[in-house]
Every structure is written in structure tokens, then in C-alpha cells.
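Protein chains in written order, with my numbering: chain A, 1 to 371; chain L, 1 to 371; chain H, 1 to 326; chain S, 1 to 326.
No residue lacks a Cβ here, since even glycine has one placed at the ideal position from N, Cα and C.
Small disclaimer: the values here were computed from a predicted structure and weren't measured.
To keep things clear, I will list the structure first and then write my remarks on it.
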Amino acid sequence: MTSGTPWGTEVARFDVKRYGCLDADGTARGPLPDFAHDRDRLTALYRAMLLTRVFDEKAVALQRTGRLGTFPSSLGQEAVAVGLGAAMRPDDILVPSFREQGAQFWRGVRPLDLLLYWGGDEQGSNFGGPVEDFPICVPVGTQAAHAAGVALALQLRGEQRAVVCVVGDGATSRGDVNAAMNFAGVRRLPVVFVANNNQWAISVRRTAQTAAETLAQKAVAAGIGGEQVDGNDVIAVVARVEAALERARSGTGPTLLEALTYRLADHTTADDASRYRADGELSAQWRLDPVARLRAHLISAIGWQSDDEQRLLSECRDAIDAAAETYLAATPPEPTEMFDYLHATLPEPVRHQLDDLLANVARNERGHHDG
Amino acid sequence: MTSGTPWGTEVARFDVKRYGCLDADGTARGPLPDFAHDRDRLTALYRAMLLTRVFDEKAVALQRTGRLGTFPSSLGQEAVAVGLGAAMRPDDILVPSFREQGAQFWRGVRPLDLLLYWGGDEQGSNFGGPVEDFPICVPVGTQAAHAAGVALALQLRGEQRAVVCVVGDGATSRGDVNAAMNFAGVRRLPVVFVANNNQWAISVRRTAQTAAETLAQKAVAAGIGGEQVDGNDVIAVVARVEAALERARSGTGPTLLEALTYRLADHTTADDASRYRADGELSAQWRLDPVARLRAHLISAIGWQSDDEQRLLSECRDAIDAAAETYLAATPPEPTEMFDYLHATLPEPVRHQLDDLLANVARNERGHHDG
Amino acid sequence: MAELCLVEAVRLALERAMADDDRVLVLGEDVGRLGGVFRATEGLHARFGPDRVLDLPLSESIFCGVGVGLAAQGFRPVVEYQFMGFLYAGLEQLASHAARLRNRTRGRLTCPMVVRAPYGGGVHAPELHSESYEAILAHIPGLRVVIPSSPRRAYGLLLAAIADPDPVVFLEPKRIYRSVTEEVVDDGRPLPLDRCETIRAGDDLTLVSWGASLQETLVAADELAGDGIEAEVIDVATIKPLDTATILASVERTGRCVIVHEAPRTAGMGAEIAAQLADLGVTSLLAPVQRVTGYDTIPPLLRLEHLYLPDVGRILAAARRVREFA
Amino acid sequence: MAELCLVEAVRLALERAMADDDRVLVLGEDVGRLGGVFRATEGLHARFGPDRVLDLPLSESIFCGVGVGLAAQGFRPVVEYQFMGFLYAGLEQLASHAARLRNRTRGRLTCPMVVRAPYGGGVHAPELHSESYEAILAHIPGLRVVIPSSPRRAYGLLLAAIADPDPVVFLEPKRIYRSVTEEVVDDGRPLPLDRCETIRAGDDLTLVSWGASLQETLVAADELAGDGIEAEVIDVATIKPLDTATILASVERTGRCVIVHEAPRTAGMGAEIAAQLADLGVTSLLAPVQRVTGYDTIPPLLRLEHLYLPDVGRILAAARRVREFA
Ligand SMILES: Cc1ncc(C[n+]2csc(CCOP(=O)(O)OP(=O)(O)O)c2C)c(N)n1
Ligand SMILES: Cc1ncc(C[n+]2csc(CCOP(=O)(O)OP(=O)(O)O)c2C)c(N)n1
Ligand SMILES: [Mg+2]
Ligand SMILES: [Mg+2]
């Protein structure tokens, strides 16, 4: 009796590539993309990263002194957000997670808007500038479906525009993120999913999220393109997001771009990462700091001086300080706002509740029983 | 000015293989696995597939004559269900979808049980035999999470057992199926996911479910093994599920096994597939019929005779007819059963509702207002 | 003018809305070539093509999310869930996003989306094909919830739902998809999304119901009339916002009320209506409000389903209790 | 005997249950080394190890499903959702499977699972961190719903929930996680899962509440006492099954009732309680039952949140309305 096994043939094959332009010390690994030879472009990218860092510092300080709600710093991840923001055209649409302040600023959301938002005023999501962009999304990963819907809208109208959707490494475990990518694949929607892999989802390590060697390979399940990019290398991020957007707009299909970076901050101001992560890991990662890397590159590539640095830094500080002052001086929202945007017109039965609110406000103002 | 792109290196690589043993005409493509040289084993597999086919026919007939509820035939897919059932050990655990009657019968669920179930009596899911097996699952794909949970239980107890979870091709689009496979990957749970790819999810073609070239590659996202098997080739199904179960039990990790087959029937008795699928497609697929294929193999490999065939067929018919008769003669469930299994003990407040039910039953029996 | 059944009226409203406004899209499982498992979208794919009638991959968790994206971009997606039992997976998107987009962005982005689902029991279908949890949806701020109970109301309410600038959940009582017919004029006229409809006048008792249960309620009203008791019958139709005024005015007049729904009793919409009657109507109530509902149990499979759903006998028994209350 | 705050009592109950029964597992996001974002599982990972305290990948849609599998196999999973706002994604598994497994299999497989989630507003957290939809859960047949409002009740009710042979949703009022402390004896004694607790006696008025709102309710009761009005205060605690008898007995005595909860008003549990009072108590009610609730709006971000949640002023105003009702 002979013994055999079923006969197997290879029917499909995939690989994942990782892209980068700069080494950790800012040295170019090879010829850089055109835009990286443009001094203004480079300094604009650097400025945006610095502004983001200064903003995050300020926001954390405001939170620590009780003047802002819980806040998620993007310290160490500035190159991902700024890079993807810079790669987008103004009429592309950003569907962010909650840690892409760098991208939002690039696209015209003001620091003031985000302070209002994290300070607890919905007006912060009523920003000018990129008025079609989605607001910050709190339930992790749920924005991926929105991105697919927005991209479908662009496709149905035959527009040459695309969507960038950002999700965290943790979010890639969410079923709906996978489902949204799958749907995007089916219709070849003009969307780029950026997996902002900062190695942690609060206290859960990237390696505990999935046995997949890369997050980029989640694309394989959806039948879309997937690749990794060094997320601490803003030049590479810009280049790869631009290329993916080009594919998206031209109908070649969606891409999942995994940006490898690291969350140098606590998860949010409500977190204390020292409870779950070793100091050594953090200091090793500081050596890959994207801001320092681009600065090093600027120094060697365009002769960036410490004067330039100082000027830029104080310019950023002034801008953020001014935003903070305006924020702190802003009039609080009217109580009635909580009813004003429930529906286009307030249904009659809810009107009684609005009356109740007003009566309560009046009572409180008379000084009674302020709950 | 030189222009370049980011420098890319390959960081991961995957492939998907397809396995088969028999050609469409039943000829072995190469040496067969040991079990396929065992006459009793082969006829047992054939009998199980035939029994399933006869059962499906009977169930459809009962439904057409108003004596059964909506029913999903597995016509054309018998090799997948029987093959995976036969590959399992008795103490493995099956977490089925709703079209695996062939696997359930193999494992000891009686045709009567399934008739009771599809006839609208929950007792049909209170089967003896494989008492740890999950019942039929109606919400598509939701069973994948159960399978992960059961597999986790087996792993935590250190048992040498594994779980087989079946999902349809449509179900592979469900986010939770992807999430469950991902979780299984993280913990290397002892579970085999079988994607029963019958090419259709009601009226939606496999190609409209996903841009992925294979469903097997959904495994890549989860970091688990993935492969295809010819699902109309019961020998290959048994062999590949056995191998996957071996890996699962030994801690090597989960597998997603895509079984390629075809739904020769309507989706259910409530469906009319001629509305959305061409006759030509159907007749082409009939040429791949798994029952005919195994019969052809039996004829050449073990000298299966038309006598043998007739004897087996009438044995199967008798068994199913007997089950149908018992089913039709079964006493209907007691009305109070709808309260008996709500919780281990009925909460006091619901007792009034039970009283109301009893009063209503009494009223109805007196012949009044039978709703 | 044609006699249509309820599901045909749904189809007609969809066709009319799509013809009048090409921002209207239909999305769901099997809504395309098949025309939906209940044929509610029959012919739409042929007429409007695959870019306006889209079969989605089988992934209910993102349907409403895709709808949110489309709606924010100015489309008017009508998303079908094949059965309400499979809408649970859509609740996260509905509650966390669809219902909140306008408020979250202070009106910058909005969500004019309709979510349709056949709901309710009594069609001898498998498990989880008979859900009826309108109360869960009504509890979620920012959603409107509508349940038509006749072809004409289905037509007018669905047009209104599609035209509404905010998300509306539109639940279709599948038990009466084909059993109730009436003439429906295809005039493109929406019905108000905040009005109960009094479908039978009476002074002795108010019967409040919606969806398929309205049929048994009307039969009960006829039986009561045989005993000389004139029941007013109100079809709630717009579950949220709830037209309390109409119900209250009736109960103030009759002093007695029975609410009938097939959803489980605890925290069902019957509770909300009864509570509002109690809030406002304590002075006029002559008897405690009765609720005839599905039980707080798992809806049984088809052998026992008829005993789970409110039937005429239970409605009559409740009506007699409120009548006889001293 | 130690003074514990509520979240410490939760932690203690978990530790006790895990020590006494190794079928008890804890699963969720960040429940491991971090000990939960509110520290409800602090130290459990260190004591019981990673096979009993499991950090799950971030995929809420499967948490309850994994729990169903474990529970069917005889484990007693305690699944944490980090915030109730993220439990929407778990509702499909809860409603379609956890709540139904015993019934579906006629007792062959069962689901002794606890789902824990911090719930409610007032902690100045981001959006969707203040949900309070206990009524939605209570509407789903087959689930028990429990809300402790003191450390002792948290300890005893959680032990009972874990010991219960069926699924229990255990909602923890995070606003008072640390603000309320009392002595908790670690005696392993469960509290009944079907009993309201009367925490203040009074004859003039019944105040019914649960969760964090009980704090404002008690302050209101004190203020009323200053005016010579003695309010009875009932902590509902077990939202489902609802101990109607205790509430009814009180309201029959006082004739007046105010229900306070922070969830939206429409189809909230306040409606169910008010409806039951109306059903059964029409003869004894001296005034319409009042509900003081969250509004039927999206809970505002932190700047306005305090005006959304029921405060002492609103409770007092309602109490005065029922008192002064002629
Ligand atoms: C659906 C959902 N579950 C849980 C949370 C609580 N939470 C906020 S952020 C976070 C981790 C997210 O990790 P990742 O996706 O990697 O993004 P990162 O925070 O690292 O940017 C969690 C669990 C949430 N906001 N939404
Ligand atoms: C969550 C959910 N959505 C929709 C349905 C209705 N439905 C029943 S079977 C089916 C198609 C399933 O396709 P597939 O997974 O390929 O399995 P098959 O029916 O082909 O065996 C659908 C949409 C359901 N039962 N559950
Ligand atoms: Mg992360
Ligand atoms: Mg299929």
C-alpha cells in the first residue's frame, strides 16, 4: 500500500516591501524623490512636525493644569501625520483617527480648533479649511467604513480625488477595519489606509495584536496593495502616500500602508506608560525620533543652522501660545447647543426637554442646587 | 537634481497552495493517503455523502409540502461537510454554520434532530452524540468567535483536542470572522477554520465578496496558515483537514482551509436561484459533482457495483424516511418551553408572563380567538 | 392608481425617490440582481444600474458606516439590512456615528441616511428572523424610527424618510408585506415623520399599536364593536419622535388604553407610551394602561411562535380588563 | 475589614472569585499588566498569570463571542469592555448568542458569562465615554443587567453575577468609582440579583434611582428632609429582572414617585418603572410619576456635560412637582 498526500500547486503569491529614504542619522540611502530637493518643501515639512510637537507639549501642559480634557499626544509620530497630510491634495479627504494633529494642521485645521475639541466643545470639529474632512474619531477603527463610503462617493461622481484613512496598529485588529478594506478592494475605491503602527495600543504591544509579521499584509486578505514605510522618515512617508494616492485616483485600487513608528508619549494624558513599558525601550526609540532625523538631514542637505532652528521654534511656540490664549478666552458653548444639532429641526416632543434645560440653567444662575 | 523613490526591501512573503487527490472523473492524481486504500473507510465516506444528499432531498420535499420550515440544502457540497466531519476525532468540537448536515451526521447528530430543528423545535439542537458541538448558527459568521473561545478553553485546559469552525464564502467578508481568526493566530489556538466556498452568498458571487484571488489568503492577515483544497474531492478534504487538525492539536497554530465547491441547490427553499444565475453555470458545475466523483473512484478503485449502489441508496432512503416519519409524529413542544430555558431559574417578574401564556393557551383551547 | 401590497409600496417609493433624486442610492445584501430576498428592490438594479443599486459584501458592521461616508458627501443612501436580526452588528455605527455626525460637527457634516429592515415575526422563518427591537433604536438619541403598517403609509413614510436630512430607521413589518393591500397613488407625496394615525374612531377605549400587530388589534376592535364597545385604534407609525399629543388626546377622552406590540415587554416602546400616559394622564385614566406584548423570552422557533406574538385573544382579554376596571 | 472605593470593591470581588474558582477568567483590553484603565483588574495578572487574565486584540465585536465559547466549555469568563460606548459592537453576540445559548440548545450548552463595563458620564472624558444604555440591554431577553452604586453592593453583586449560571451585564458607574467609599468585608458573600435596595426610608415620596445618579438623589433627599419632606430612596441595583415589588410597595405607601437616571429619557428604564407603577398603581398614585433623566440628545462633550446629567436641582424640582400635585 503506497501512502501519499494531496497534490499541491501554488495558486497565489504575495510579498510585503518596506520603504525608506533616510537612515536614522538623516543620511539619504540613495537618490531622494524630487520634492526632497526643494528647500522650501523640506523646511515646510520640518516646521509642521515641530509645530505638532510644540502643540502636543502645550496641550499636555493645559491638561495637567486642568484646562483641557484627556489628550493624546503624537510625540514621536509627527512624521506619519505630517507626511500623509503633505502627500494629500487639498481636495483629497482625510478621515483621521485621533492622533493625526500633524495632518490636520497641514490641511488647515487650526490648533485652536483642536484645543476647543479636546477642551470639550464640539465647535472644535466645525473647522474651516478642509470642510469635507472627517472629525476626530473616538471609537477605534470605526472610521475605516466612513472612508470607504466617502471614497465610494468620489468614485460614483467620477472625481479625481482620493481619501486617506488613518488607523492605529490596535485598530487593525478590529473586524470592521478589515471589512472596510475588503469592500474598498471589491470596488477599487480611491482610498489609502494608513496603519499608524506606533507599536502600542494603550498597554497592548503590537505583537499581542496579531500573529501577522507585518500589518501591511492585512492588505492581502482584502485583495489590495500593502506595504511598509519607515514612519519616522517623513520623506519616505510623503513619497509612498503620494504614490498610493496616485494609484487610488487612477483607479488602480486601494493600498494599506503600514507606517512604522513609535509612541514616545503615554497613550493619553490619562495613561501612565511606565506601568507597562520598560524605560530602555523608550530610550532606544528616542534615537529614532523623526524630528531629530529630519533636522539632521536638513543640516547636511540644506545647511540648516541653529539660528534657523531657534527662529522656527519660537515661531511655532508663538503660534501655539496664541492659539492657547484664544482657546482659554473662548466663550463657553451655549447650553442650548446640545439641542441645536440633534436634527435639522428639533422634534416637538424634545422641546419640553429643552425647556427643562433652560429652567435648570436659570435655577443654577439663581445660585440654587448647582449639581 | 536626481530623482529617486524610497528604497524598498522585501520583508515578508506568502503563497497559497491548492490541494487535490482525485481528478473530476475520479482518477487519482498520484499516490493517495493511507485511509483512501481502506475499503470500509471509502464506503463510509460515500455512504455519508449519499445519506446527506438523500436527507437534503427529503427535507426540501417536506418543506415544499408545508411540513418543514425554510431549509438550506447542501447539494453539491457533501464532500466538504462529510470530509471535515470524518477528519475530526470524536472529542474534537464542531462549530458549524448552517449547511454542514453531512458533518453533523458523521459526528452523531441524527437526521431527526435536524428535522426537528428546521421544523421549528429547539429540541433539535439538544442533540446527543457530540454534546459539546455547537448548534447551527444563523447569523452568518458569528460562530467564528465561538470557535476561538472553545479553542481557548481547550488550550487553557491543556487538552489534545481541536475545533473545526465552518464559515461560508460570504461569511469571510464579515469583520468578526477576520477578528476571530486574528485572535486565534495571536494565541495559536487549536482551531481549523474551513471556508466552505460554494461560490455564492445567496445571489452575491464569490468575486463580488472580495478582490482577494483566494479566500485562503485571508489567513495572511491573521498570521495563520492558509490553503485551498478541492472541496468536491472528499479524500483531499479529509487529508487536509486531518493535517490542519494535527497542527492545531500540536500547538503549531490555526489554519484557514478554503474548500472549493459549488452550491448546486437554491440558497434555501425560500430562494429561486434562477433569478440570478445562468443555467449553463449550473450544468457545468454538475460535472464536478462530488458524489459522482467518489462513485467513479469507488468503481475503479474497489470495484463498486451497481448492486452496491442500489443497496446503499435504499439503506439511506430507509434511514431518512424513518427519521421523517418520527419527525412528523413527534409531539409538538409544550408552550411553556419558551420560558423553561430563559435562565436556569425563571425570574419572578417573568412568571406573570408565563401565567399570561397559560391563560391564553387555555383560551385558545376553549376555541376562542385563536390568533 | 394600483392596488399594492406593502412591500410593493416600499419598492415603489424607492423607485420614485431614485428617479426624482439621483443622490439616492440603494445598498445592501442581495438588493441588486435578486431584488432583495423580499423583492423590495426588484427592478431597481435593472433600471438604475450597479452604481446606484449596490450589493455589498456580507459585512453588516460596516453597512451603516459606508452609508455615513456617502451621506456626509451628499448622497442619500438607503441601506437595507436583510433582517432586523442582523442589524445588531450595525448598531455601533448607527449610535456612535450616524446619529451623531450633525451634532459632532455642529452641522458641518450631516447624515441623511435611511436604514431599512424587515422586522417582526410570524413568517415561519429561522431563528433571528423575527426580531422587533424598535425600542432599542428609539432609545438612541439622534435617530428617527418609523414603522409603516399599510401600503400607503409605507409609501409616504419612506419617501419622507429618504427626504429627511437626518438618519431614519425604517422598519418594515414583513408579516404583512403581502397580506395587506390598498390603492397607492404614486404622487411622490411624503407623510409627516412625527404623526400617529388614528385609523378607527371610538370613545370607549384606545388601542395603540404599530406594525403587523395592528392587524390583530383591528380584529379585536371589530370584536369589541360586536359587544357594543367602540375602540379607537391608533397606529403609532412614527415610533420616534413619538406623537404623544394624538395618543394623549385619545386616552384623555376614553380613559382606557391598551398598547399592543410584538417586541418584548420590558423597556419596550409600550413602556414609554404607558409612562407618558401616566406622566400626563393620571387625572383622566379610568384604568391602568395595559400592555399586550411579546414576552420577555427568546422568540421561539416556528412551532411556538404564534403563542409568543400578541394575538386577538390576548388583546381582547386586556381590553376587557381595562373596561371592567372599577 | 477595609474602607474601599467602588472600583476597589470590583477588583476585590474579581480577585476573590478567581481565587475561589479557577474557571473564572478575566478578558478584555488592557486588563493584564496595566490592570485596566480604571485599575479594576490591578494585580490580577501578577497573581493569576496570563492564562487567566487575558489582554485581547482590539476587536470588541468578538469579545462576547469568545466568552460564549469559553462559557459553553464550562469556564466563567468575565469580559471587560473598556467603556460602555464600545459595547455596541458586542451587542450582536450578546443578543444573538450569549442570551440565547441555553434556550437554543434546551439547556445543553449554557453561558455563565459576565460582561463588565464602566458606564455613565461626568468624568470629563472624550466623546463616547459616557454612555448609559442599560435599557437597551434590559430589553434583550435572556440577559440580566446589574448596576451597583456602592462598594459593598459592587462586591456582592459582582460575586453573584459571576456565580450566576447565565449571562449578566454588570455596569459600573465610573463617576463614583473612587468618590464613594465604605467598609467591605471580603466574605465571598453574593447579593441577590433580583432585589432593589431601600437605602433611605421615608413616607412622603419615593425617589428611585441607580448608579451614580443615586448620589444626587441622596443629596436631594437630604435637602427635602430639611424642608420636612421625608423621601424614601430606592437603589434599583438589579435593572433586570426588576424588583417591581419593592418599588411598588414603597410607592403604594408614599403615593408619589420620582425616577432619576442619566440615560436618555425615551424608552429608558424610567419608562419601564413608570409604566409598571401605572399598570399596577393607578389607585394609589397621588401624582403622576416624574422622570428626571438625561435628555434625548447626544451627551455633550465636557463643557456642557453637567447640564445634561440630572442634577440636584432637577431632582428637587421634580420632587416639588409631585409633592404639590393636587
Ligand atoms: C472601539 C474602541 N475600543 C476601545 C477604545 C479605548 N481606546 C482608545 S485608544 C485605544 C488603543 C488604540 O490603539 P491604536 O489603534 O494602536 O492607536 P494609538 O492609540 O496607538 O494611536 C483604546 C483601546 C476606543 N476608543 N474605541
Ligand atoms: C449576519 C447575517 N446576515 C445575513 C444573513 C442572511 N443570509 C443567510 S445565508 C446568507 C449568505 C451566506 O453566504 P455564505 O457565507 O457564502 O454561506 P452559504 O449560504 O453559501 O452556505 C445570508 C446573507 C444572515 N443569516 N446572517
Ligand atoms: Mg498604536
Ligand atoms: Mg456561499
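Can you tell me which of the three DSSP states Ile-136/S falls into?
-> Within the fourth sequence, numbered from 1, the residue matching residue 136/S stands at position 136. The three-state reading of DSSP puts Ile-136/S in helix, counting H, G and I together.
Among residues of its own chain, excluding the 5 on either side of Arg-317/L, which ones have a beta-carbon nearer than 8 Å to its beta-carbon?
-> Here residue 317/L is taken as the residue at index 317 of the second sequence, counted from 1. The residues are Val-54.
Alpha-carbon spacing of Pro-165/H relative to Tyr-262/A, whole angstroms = Position 165 of the third sequence, counted from the start, is the residue given in the question as residue 165/H. Position 262 of the first sequence, counted from the start, is the residue given in the question as residue 262/A. CA-to-CA, the gap between Pro-165/H and Tyr-262/A works out to about 42 Å.
For Gly-85/A, does the count of other Cβ atoms within 10 angstroms reach 16, so buried, or fall short, so exposed?
-> Along the first sequence, read from residue 1 onward, the residue named residue 85/A stands at position 85. It counts as buried.
Cβ of Asp-176/L less than 9 Å from any chain A Cβ?
-> For this step, residue 176/L is matched to residue 176 along the second sequence. Asp-176/L counts as touching chain A.
Span separating the alpha-carbon of Leu-51/A from that of Gln-101/A = One-based indexing of the first sequence puts residue 51/A at position 51. One-based indexing of the first sequence puts residue 101/A at position 101. One Cα belongs to Leu-51/A, the other to Gln-101/A, and the distance between them is close to 10 Å.
Per-residue contacts from Gln-209/A into chain S (C-beta, under 8 Å) | The count along the first sequence starts at 1 and reaches residue 209/A at position 209. Within 8 Å Cβ-Cβ: Pro-57 and Leu-58.
Could you tell me whether the Cβ atoms of Leu-301/S and Gly-69/A are closer together than 9 Å?
-> Here residue 301/S corresponds to residue number 301 of the fourth sequence, with the count starting at 1. Here residue 69/A corresponds to residue number 69 of the first sequence, with the count starting at 1. Remark: C-beta atoms of Leu-301/S and Gly-69/A approach each other more closely than 9 Å.
Any C-beta of chain L under 9 Å from that of His-261/H | On the third sequence, position 261 is the one that residue 261/H refers to. At a cut-off of 9 Å between beta-carbon atoms, His-261/H makes no contact with chain L.
Between the Cα of Asp-355/A and those of Val-237/A, Gly-4/A, His-343/A and Pro-335/A, spot the shortest distance and give me the residue it belongs to.
-> The residue labelled residue 355/A in the question sits at position 355 within the first sequence. Measuring C-alpha to C-alpha distances from Asp-355/A to each of Val-237/A, Gly-4/A, His-343/A and Pro-335/A identifies Pro-335/A as the nearest.
Is Pro-288/S helix, strand or coil by DSSP?
-> Taking the first residue of the fourth sequence as position 1, residue 288/S is located at position 288. Under the three-state reduction of DSSP output, Pro-288/S falls in the coil class, being neither helix nor strand.
Buried or exposed for Thr-331/A, please, with buried defined as at least 16 other CB atoms from any protein chain shown within 10 angstroms of its CB.
-> Position 331 of the first sequence holds residue 331/A. With fewer than 16 other CB atoms across the displayed protein chains lying within 10 angstroms of its CB, Thr-331/A is exposed.
Are the Cβ atoms of Gln-209/L and Gly-170/L separated by less than 9 Å?
-> For this step, residue 209/L is matched to residue 209 along the second sequence. For this step, residue 170/L is matched to residue 170 along the second sequence. At the C-beta level, Gln-209/L and Gly-170/L come within 9 Å of one another.
Does Gly-121/S come within less than 9 Å of chain A when only Cβ atoms are used?
-> Residue numbering aside, residue 121/S sits at position 121 when the fourth sequence is read from its first letter. With 9 Å as the cut-off, Gly-121/S does not count as an interface residue toward chain A.
Identify the contact partners of Ser-173/L in chain A, using a Cβ-Cβ distance below 7 Å as the criterion.
-> For the purposes of this step, residue 173/L is taken as the residue at position 173 of the second sequence. Neighbours of Ser-173/L in chain A, taken as residues at a C-beta separation under 7 Å, are given in chain order as Ala-179 and Asn-182.
State yes or no: is the beta carbon of Glu-337/A nearer than 9 Å to at least one beta carbon in chain S?
-> Taking the first residue of the first sequence as 1, we reach residue 337/A at position 337. Judged by the 9 Å Cβ criterion, Glu-337/A is in contact with chain S.
Using CA coordinates, which residue listed in Asp-194/S, Arg-323/S, Pro-77/S and Thr-105/S is at the minimum distance from Leu-224/S?
-> As a first step, residue 224/S is located in the fourth sequence; it is residue number 224 there, counting from the start. Residue Arg-323/S is the option with its Cα nearest to Leu-224/S.
At a CB-CB cut-off below 8 Å, which residues of chain L make contact with Asp-166/S?
-> Numbered from 1 along the fourth sequence, position 166 holds the residue referred to as residue 166/S. What Asp-166/S touches in chain L, judged by beta-carbon distance under 8 Å, is His-343 and Ala-344, going in chain order.
Do you know whose CA, among Leu-54/S, Phe-86/S and Gly-188/S, lies nearest Val-10/S's CA?
-> Counting from one through the fourth sequence, the residue named residue 10/S turns up at place 10. Checking every option, the nearest Cα to that of Val-10/S belongs to Gly-188/S.
Taking Ala-362/A as the reference, which of Val-79/S, Leu-307/S and Ala-319/S has the closest Cα?
-> As a working note, residue 362/A is residue 362 in the first sequence. Put simply, of Val-79/S, Leu-307/S and Ala-319/S the residue whose alpha carbon is nearest the alpha carbon of Ala-362/A is Leu-307/S.
Residue-level contact to chain H via CB, Ile-247/S, 9 Å cutoff = What you label residue 247/S is simply residue 247 of the fourth sequence in a count that begins at 1. Chain H, which has no Cβ nearer than 9 Å to the Cβ of Ile-247/S, makes this no.
Residue from Pro-112/S, Gly-36/S, Leu-34/S and Leu-44/S with nearest C-alpha to Met-18/S = Start at 1 with the first residue of the fourth sequence, and residue 18/S comes out as number 18. Comparing Cα positions, the closest option is Leu-44/S.
On the three-pair Cβ rule with 8 Å, is the segment 237-245 of chain S touching the segment 223-242 of chain H?
-> Result no; under three Cβ-Cβ pairs closer than 8 Å.
Note down the Cα distance separating Pro-290/A from Ala-79/A, rounded to an integer number of angstroms.
-> The residue given as residue 290/A occupies position 290 in the first sequence. The residue given as residue 79/A occupies position 79 in the first sequence. Their Cα atoms are separated by approximately 6 Å.
Looking at Val-145/S and Val-341/S, is the spacing between their C-beta atoms short of 9 Å?
-> There is simply no residue 341/S to check, as chain S begins at 1 and stops at 326 in what is shown.
Work out the CA separation of Thr-269/A and Trp-106/A for me, nearest whole Å.
-> Within the first sequence, numbered from 1, the residue matching residue 106/A stands at position 106. Within the first sequence, numbered from 1, the residue matching residue 269/A stands at position 269. Approximately 24 Å, taken between the alpha carbons.
Taking Cβ to Cβ, would you say Arg-106/S is nearer than 9 Å to Glu-337/L?
-> Locating residue 106/S in the fourth sequence gives position 106, where the first residue counts as 1. Locating residue 337/L in the second sequence gives position 337, where the first residue counts as 1. Against a cut-off of 9 Å, the Cβ pair of Glu-337/L and Arg-106/S comes out as a contact.
Show which residues of chain A have a CB atom less than 8 Å away from the CB atom of Val-68/H.
-> Start at 1 with the first residue of the third sequence, and residue 68/H comes out as number 68. Identification of chain A residues near Val-68/H by a Cβ-Cβ cut-off of 8 Å yields Ala-145, His-146 and Gly-149, ordered along the chain.
Could you say if the segment 124-138 of chain S and the segment 78-87 of chain S meet the contact criterion of at least three C-beta pairs nearer than 8 Å?
-> Short answer: they touch.
Roughly how many whole angstroms lie between the Cα atoms of Asn-198/L and Val-237/L?
-> Looking up residue 198/L in the second sequence gives position 198. Looking up residue 237/L in the second sequence gives position 237. Answer to the nearest angstrom: the Cα atoms are 14 Å apart.
How should Ala-373/A be labelled, buried or exposed, when 16 other C-beta atoms within 10 angstroms of its C-beta is the threshold for buried?
-> Coverage of chain A is limited to positions 1 through 371, which leaves residue 373/A absent and any answer about it impossible.
Measure the alpha-carbon distance for Leu-312/L versus Leu-45/L and round it to whole angstroms.
-> Numbered from its first residue, the second sequence carries residue 312/L at position 312. Numbered from its first residue, the second sequence carries residue 45/L at position 45. Going by C-alpha positions, Leu-312/L is about 12 Å away from Leu-45/L.
Hey, is Leu-156/L's beta-carbon within less than 9 Å of any beta-carbon in chain S?
-> The residue labelled residue 156/L in the question sits at position 156 within the second sequence. For Leu-156/L, a Cβ of chain S is located within less than 9 Å of the residue's own Cβ.
Which residues, in chain order, does the segment 213-244 of chain S contribute to contact with chain L at a C-beta distance below 9 Å?
-> For the segment 213-244 of chain S, the set of residues with a beta-carbon nearer than 9 Å to any beta-carbon of chain L comprises Lys-240, Pro-241, Leu-242, Asp-243 and Thr-244, in chain order.
Provide the residue(s) that pair with Thr-206/S in DSSP beta bridges, ordered along the chain.
-> Here residue 206/S refers to the residue found at position 206 when the fourth sequence is read from its first residue. Here Thr-206/S is bridged, per DSSP, to Glu-232/S and Cys-257/S.
Does DSSP classify Phe-170/H as helix, strand or coil?
-> On the third sequence, position 170 is the one that residue 170/H refers to. Of the three classes helix, strand and coil, the one that applies to Phe-170/H here is strand, per DSSP.
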